[in-house]
Amino acid sequence: MHDAVPAITACGVSPIVRIPDNQGWMAKPEGTEQLMKSAKFPALRPESILTIVQMETKEAVENVDAIAAVPGIDVPFVGPFDLGSNIGHPVVAGVMHENLHATIFKVLKAANSAGKKAGIFCTSGEQAKKIC
Numbered sequence: 001m002h003d004a005v006p007a008i009t010a011c012g013v014s015p016i017v018r019i020p021d022n023q024g025w026m027a028k029p030e031g032t033e034q035l036m037k038s039a040k041f042p043a044l045r046p047e048s049i050l051t052i053v054q055m056e057t058k059e060a061v062e063n064v065d066a067i068a069a070v071p072g073i074d075v076p077f078v079g080p081f082d083l084g085s086n087i088g089h090p091v092v093a094g095v096m097h098e099n100l101h102a103t104i105f106k107v108l109k110a111a112n113s114a115g116k117k118a119g120i121f122c123t124s125g126e127q128a129k130k131i132c
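Position 24 (the sequence shown) corresponds to 24 in full-length UniProt numbering; numbering is contiguous.
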């Protein structure tokens, strides 16, 4: 991956890198602050780096207000399939349980309260309109 990022960038494309890990500290504000120190390294022009944090666990959503407020976090992002499974309300046949929908709305509200945009994985624009 280390070599892929400059190669992708050289083609005029902005790469998205997903950290291949899921440690418990990542779902807490303190861990998010440490992540920001690594992601927004000054020599890399931190203003040019978009930092997206995935909200895919109950613990992350419980801390979403504090996580969204961390300076440098640009987008809290929901993976509804992983989040739904984690909170006991998996997406079944494309249908979201009302508790999952409420949990997603909590992330959206926290992002908006922090003056940020939220993101979510959707399979169509129509689905995105229904969720939000």
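Note that beta-carbon positions come from the ideal geometry of N, C-alpha and C, so glycine has one too.
Contact check, T51 vs G72, beta carbons under 9 Å: yes
Boundaries of the alpha helix (DSSP H) in which V64 is found, first to last residue: 64-68
Alpha-carbon spacing of L108 relative to A69, whole angstroms: Going by C-alpha positions, L108 is about 13 Å away from A69.
Which of helix, strand or coil DSSP assigns to G31: Three-state result, G31: helix.
Between the CA atoms of E62 and G88 - distance to the nearest angstrom: 15 Å
Helix, strand or coil at I16 according to DSSP, with G and I counted as helix: Correct three-state label for I16: coil.
Per-residue DSSP class, three states only, for G119: strand
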